[in-house]
Ligand code: TYC
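Numbering (full-length UniProt numbering), first residue to last: 6 to 107.
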């Protein structure tokens, strides 16, 4: 940090404002039709979660209606959403995945 002198001649530290990129939550939404095992598979495949973590998040979505799967930069979050939506559509499941600013 920079040293800055005030009116009395006392040196104080100022923190230069560091720009951090905005982060985005990736959300998984519940529905009545997508099989539980398919959701667990998606979480393992696209989010690098182990089986236990994936099962836990899937159950949270099933019970609460949605859950945050992870928080990423805009580009990474958007890629995950597209990957999940494409994979679900290819398998004809109505699973919904979306993102919002953290
Ligand atoms: N509710 C679904 C079922 O009972 C399971 C499910 C969980 C679906 C999570 C979507 O994001 C989801 N088969």
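Ideal Cβ placement from N, Cα and C applies to all residues, glycine included.
Item: The ligand TYC heavy atom lying under 8 Å from the CB of residue 34; Value: yes
Item: Under the three-state DSSP convention, the category residue 83 falls into; Value: helix
Item: CB of residue 44 within 9 Å of CB of residue 63, strictly; Value: yes
Item: Residue 98 and residue 38 closer than 9 Å at C-beta; Value: yes
Item: Environment of residue 78 [buried if 16+ CB atoms lie within 10 Å]; Value: exposed
Item: Distance, residue 89 Cα to residue 51 Cα; Value: 7 Å
Item: Where residue 65 sits in the DSSP three-state scheme; Value: helix
Item: Under the three-state DSSP convention, the category residue 88 falls into; Value: helix
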